[in-house]
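J.:
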Amino acid sequence: SQTIHQWPATLVQPVGSPLSLECTVEGTSNPNLYWYRQAAGRGLQLLFYSVGIGQISSEVPQNLSASRPQDRQFILSSKKLLLSDSGFYLCAWRSGAVSTEAFFGQGTRLTVV
Amino acid sequence: LAKTTQPISMDSYEGQEVNITCSHNNIATNDYITWYQQFPSQGPRFIIQGYKTKVTNEVASLFIPADRKSSTLSLPRVSLSDTAVYYCLVGRPSNTGKLIFGQGTTLQVKP
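From first to last, the protein sequence lines are chains S and P.
This note's numbering puts the first sequence at residues 833 to 945.
This note's numbering puts the second sequence at residues 201 to 311.
1) For Thr-253/P, tell me which candidate among Leu-262/P, Gln-242/P, Thr-234/P, Asn-225/P has the shortest Cα-Cα distance.
2) Alpha carbon to alpha carbon, how far is Pro-312/P from Thr-229/P?
3) Does Asp-211/P come out as helix, strand or coil in the three-state DSSP assignment?
4) Between the C-alpha atoms of Gln-902/S and Val-883/S, what's the straight-line distance to the nearest angstrom?
5) Cα-Cα, which of Glu-854/S, Ser-849/S, Gly-848/S, Gly-859/S is closest to Ser-833/S?
6) Taking Cβ to Cβ, would you say Thr-305/P is nearer than 8 Å to Gln-206/P?
7) Taking any Cβ of chain P, which residues in the region 878-890 of chain S have a Cβ under 7 Å from it, in chain order?
8) So what's Leu-299/P in DSSP terms, helix, strand or just coil?
9) Can you find a C-beta in chain P that's less than 8 Å from the C-beta of Phe-906/S?
10) For a test of the three-state rule: what should DSSP assign to Ser-916/S, helix, strand or coil?
11) Among Ser-909/S, Ser-852/S, Gly-873/S, Phe-880/S, whose alpha-carbon lies nearest the alpha-carbon of Leu-865/S?
12) What is the rounded straight-line gap between the Cα of Leu-273/P and the Cα of Ser-281/P?
13) Ignoring anything shorter than 3 residues or poking outside the region 851-890 of chain S, list the beta strand (DSSP E) runs there in chain order.
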């Protein structure tokens, strides 16, 4: 069966520090991968998505970046965090051409202080 | 991508049937309608998906009229644990990627 792992669960980082959030998927190949951010009490904002290794589409130009070094690995990064980067970060995958059903990780609660 | 419009919030009581309607006037021929449920501090969870008419599973029913410009998620006999945010998405199984979530409908079930 397919599983998605996202870590860490919570993170407190100072302003200006770097960020690296990792997401891995098991049990499937060539998934579509997504990074979302959710501010408190708000909806999900699509940050990046990827349909294949090295293919990254950015939805929101800001100080975040994403990479997909392997088929089932998706990394969200920042060189210098801002206070406004605080939020709940979610990784998700779906089997592109087969279904519109997406599967989400447990999320990372990031607080920038 | 078709834009969706849902009510921001709804209240209900335990045991009632809840219907949440989503408008998607620009739905394309190959688009499917998918609903997700999200609890606080968790990722959204797939509830149901449909293309036309009616779809039912163990959790909910999805009603889609012939013109497909709207859809209604029906939750039978809700309980307190159904308090969550419900999202309607419109899109197609495709390798071109995007999944865009709207603001969703916050359902509050009261005792």
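Ideal Cβ positions, reconstructed from N, Cα and C, are used throughout, including at glycine.
T.: To lay it out plainly:
1) The option with the nearest alpha carbon to Thr-253/P is Leu-262/P.
2) With chain P represented from 201 up to 311, any question about residue 312/P goes unanswered, as that position is not in the structure.
3) strand
4) 12 Å
5) Gly-859/S
6) Yes, the Cβ-Cβ distance between Thr-305/P and Gln-206/P is below 8 Å.
7) Leu-878, Tyr-881, Val-883, Ser-889
8) coil
9) So, not an interface residue.
10) helix
11) Phe-880/S
12) Taking the straight line from one Cα to the other gives about 17 Å.
13) 851-858, 864-870, 876-884, 887-890
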